[in-house]
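Residue numbers are given in the numbering used here: position 200 of the sequence shown equals residue 262, and the series is strictly consecutive. Note that CB positions come from ideal geometry on N, CA and C, so glycine has one too. Let me begin by presenting the structure, written as structure tokens, before commenting on it.
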Amino acid sequence: AAQRLSRLLACGAPRCLLRSLQVSAVAAERPHPSSHSIRAQPSRQMKIYTRTGDRGTSALFTGERRPKTDPIFDALGCLDELSAQIGVAIADWRGLEDAADEQLRRELLDRLIRVQCLLQECMSCVATPRGSPAARQFHLDRSDFPTELAKELEAWIDEYTSELPPLRQFILPSGSSVGARLHVARAVCRRAERSLASARFASKLDGVDETVHRPVR
């Protein structure tokens, strides 16, 4: 397992993926807590296809099945697309060898990967509706997006905004290849925001107030 993680790290795999693989490897080697007579079984490998959605439904993290047209799956698709667009920008940026400020480039790459990891956390929350009849505390404990994560992103926005001239007009999406790809990611992000709002309003019609961001009280 350690050798596999090292190879992935050398290939530039995101830290959130490495962390999840490392946790899975440790869990597979850990004895079962309820009985010394039961040997730990390796975690089952996830299949690329399951055939469970052939009838037009998909499963949430809670196990509840809903139609693929449910607003939640639309929101999850938009968030997934957003992460993929950011990934394309990351791949392009990694290929640049004439960056004027290499330290800044590495910092921005790390932060973009961090954003991808936070999007994974966000998707976990969206895939775990708290109003789902199948939701258990186990599911809720593993899908949380605390205030600190939102504040982290807001701090980055404030930092970069302070370094730019005041924005007094609309900007045409263009610029460098990486900049143009980030504009596409920005547009997809706005669509993801709209899809999340639609999913939330749909749940309100069912009498449930769903939210991804849960302030710490």
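Under the three-state reduction of DSSP, ALA121 is assigned to strand. Ranked by Cα distance from LEU141, the options GLN182, GLY157, PRO133 are led by GLN182. Here PRO133 carries a helix assignment [DSSP, helix/strand/coil].
ALA151 is not a Cβ neighbour of ARG253, given a cutoff of 9 Å. Within 10 angstroms of the beta-carbon of ILE148 lie 16 or more other beta-carbons, which makes it buried.
Residue ARG128 holds the alpha-carbon nearest to the alpha-carbon of THR119 among ARG176, LEU171, ARG113, ARG128.
Close CB contacts of ALA247 within its chain, under the 7 Å cut and outside five residues either way in sequence, are with LEU144, GLN147, ILE148, ALA151 (chain order).
Rounded to whole angstroms, the gap between the alpha carbons of LYS109 and PHE135 is 20 Å. The C-beta distance from THR190 to PHE263 rounds to 19 Å, too long to fall under 8 Å, and the pair is not in contact.
ARG173: member of the alpha helix (DSSP H) spanning 164 to 188, first to last residue. At a Cβ-Cβ threshold of 9 Å, VAL240 and ASP154 count as neighbours.
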